[in-house]
Amino acid sequence: MARKYPLNLAQKRAAEILAGNDYHEMSLAQIAEHVGVSQRTLYRWKHDKAFVAYQNELAEQLMEDFVAEAYSTLKGMVRKGRSDHSRLKALELVLKNRGKLTDVHHIEAKIEDNRSNEAIEEEIEQLQKELGRLPGQ
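Under the working numbering, the residues of the sequence shown are numbered 1263 to 1399, in order.
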């Protein structure tokens, strides 16, 4: 861990279990019993800033590990997918994630104006008169 947290061993163990408690494998009562505290104490810890920060840091680290697992799964799908569609979707996800595939929208507008410069200047002068901006008015 990058930071030091003012937590005792039971708090650290509880935070580790909570951070990695996928699909709620253990209830809060079971976690409390496992670390040797009451359920009420565990609830109190869950509102302690240092405990929550430590638990979040652990969860963040677990997610980093999960990203590697997700990439591995995607690679497997690309190589051994059951259908062309599943392989194609896996490829699309990998390429988008790596910034190699983006949605591109190319918009082109052509404006044709056959008026002469003199005609445009006259129109500008007329508009300025209407706005009262022409000097000498």
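We put the CB at the ideal spot given by N, CA and C, even for glycine.
Next item on the list: Check whether the stretch 1277-1295 touches the stretch 1315-1326, taking contact to mean three or more Cβ pairs, one atom from each stretch, closer than 8 Å.
Entry: yes
Next item on the list: Return helix, strand or coil for Ile1386, following the three-state DSSP convention.
Entry: helix
Check: In chain order, what residues of the same chain have a beta carbon less than 8 Å from the beta carbon of Leu1304, not counting five sequence neighbours either side?
Finding: Ala1276, Leu1290, Ile1293, Ala1294, Val1297
Item checked: Cutoff 7 Å; reference Val1340; Cβ partners in own chain excluding five residues on either side -> Arg1349, Ala1352, Leu1353, Val1356
Next item on the list: Ignoring anything shorter than 3 residues or poking outside the stretch 1303-1372, list the beta strand (DSSP E) runs there in chain order.
Entry: Unbroken beta strand (DSSP E) stretches of 3 residues or longer found wholly inside the stretch 1303-1372: none.
Note to self: Which residue wins for smallest C-alpha separation from Tyr1333, given the options Asn1359, Pro1268, Lys1391, Arg1302?
What the structure shows: Nearest C-alpha to Tyr1333 among Asn1359, Pro1268, Lys1391, Arg1302: Asn1359.
Notebook entry, point to check: Around the Cβ of Gln1273, are there at least 16 other Cβ atoms within 10 angstroms (buried) or fewer (exposed)?
Noted result: Note on Gln1273: 16 or more other CB atoms within 10 angstroms of its CB, so buried under the neighbour-count rule.
Item checked: Best match in Ile1386, Glu1370, Ile1369, Met1288 for proximity to Arg1377 [C-alpha to C-alpha] -> Ile1386
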